[in-house]
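The structure appears below as structure tokens.
In the working numbering, the protein residues as written are 38 to 271.
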């Protein structure tokens with residue numbers, strides 16, 4: 038089973054993001070990596086491909102994610118693949134591209150499953166296929182929780198360590214890591230949080246200015262009413 042190792046990978050100090058309204062966002066990535074098997078490969082096994090769901094910086098999502106269901110093309114044996122432990126991924130051999138349904142369930146029963154769809158890509162957009170250059174197709178997204186329970190929030194914080202896979206377990210997933218798309222999500226989170234703090238500060242200033250103007254308006258309104266009634270203060 039995948040393990041969490043805080044010593045090997047320090048926690049990400051800007052993850053997850055929580056805003057003032059109580060929304061908590063957890064960044065993640067999902068996608069596929071396909072490796073051409075060469076000219077001698079069988080006709081219907083031209084590529085070995087992997088589809089997966091992972092933390093944006095390869096954090097261990099297993100404390101949060103209960104299981105992931107990958108729905109493959111019906112031509113595969115057992116096309117509904119249920120993965121209930123990290124790393125959440127499926128490996129297969131095939132020759133054609135198709136859409137893969139991905140459904141994510143969380144440990145906290147108050148949150149319903151989330152549906153995703155990924156288009157499996159086997160061939161490069163330009164040039165010839167190569168056994169040395171896998172075709173990587175990834176997308177970054179966020180799980181958004183509206184005022185999560187205390188238990189769910191604890192699970193989210195438990196995910197804040199890098200996923201490590203013991204030898205002999207998930208070795209095919211480990212081989213994928215060097216090919217993951219470059220991840221600038223950490224820097225993006227820093228920028229988002231800085232922008233969020235600026236917006237909050239500006240909002241507070243505008244609120245104070247509004248209250249000041251509103252108070253002045255109230256005094257002026259009282260003055261106007263006294264003038265209109267002929268009661269001019271001495």
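Note that the Cβ used here is the ideal one computed from N, Cα and C, for glycine as well. Nothing here was measured: the structure is a model prediction, and the numbers come from that model.
Selected residue, minimal CA-CA separation from residue i, among the options
i, options, result
"residue 79", "130, 87 and 65", "130"
"residue 168", "145, 76 and 67", "76"
"residue 199", "176, 61 and 93", "93"
First and last residue of the uninterrupted alpha helix (DSSP H) at residue i
i, result
"residue 194", "187-195"
Secondary structure of residue i, DSSP reduced to three states
i, result
"residue 170", "coil"
"residue 136", "strand"
"residue 156", "strand"
"residue 112", "coil"
"residue 98", "coil"
"residue 92", "strand"
"residue 262", "helix"
"residue 249", "helix"
Bridge-paired residues (DSSP) for residue i
i, result
"residue 131", "84"
"residue 105", "120 and 141"
"residue 216", "DSSP, once it has assigned bridges, lists no residue as partnering residue 216."
"residue 55", "61"
"residue 165", "Partner(s): none; residue 165 has no beta bridge."
"residue 181", "62"
"residue 175", "68"
Length of the line joining the Cα atoms of residue i and residue j
i, j, result
"residue 240", "residue 151", "33 Å"
"residue 153", "residue 242", "40 Å"
"residue 82", "residue 133", "9 Å"
"residue 161", "residue 135", "15 Å"
"residue 140", "residue 164", "33 Å"
"residue 170", "residue 84", "12 Å"
"residue 63", "residue 262", "55 Å"
"residue 128", "residue 144", "24 Å"
"residue 106", "residue 119", "4 Å"
Enclosing beta strand (DSSP E) for residue i [first to last residue]
i, result
"residue 71", "60-73"
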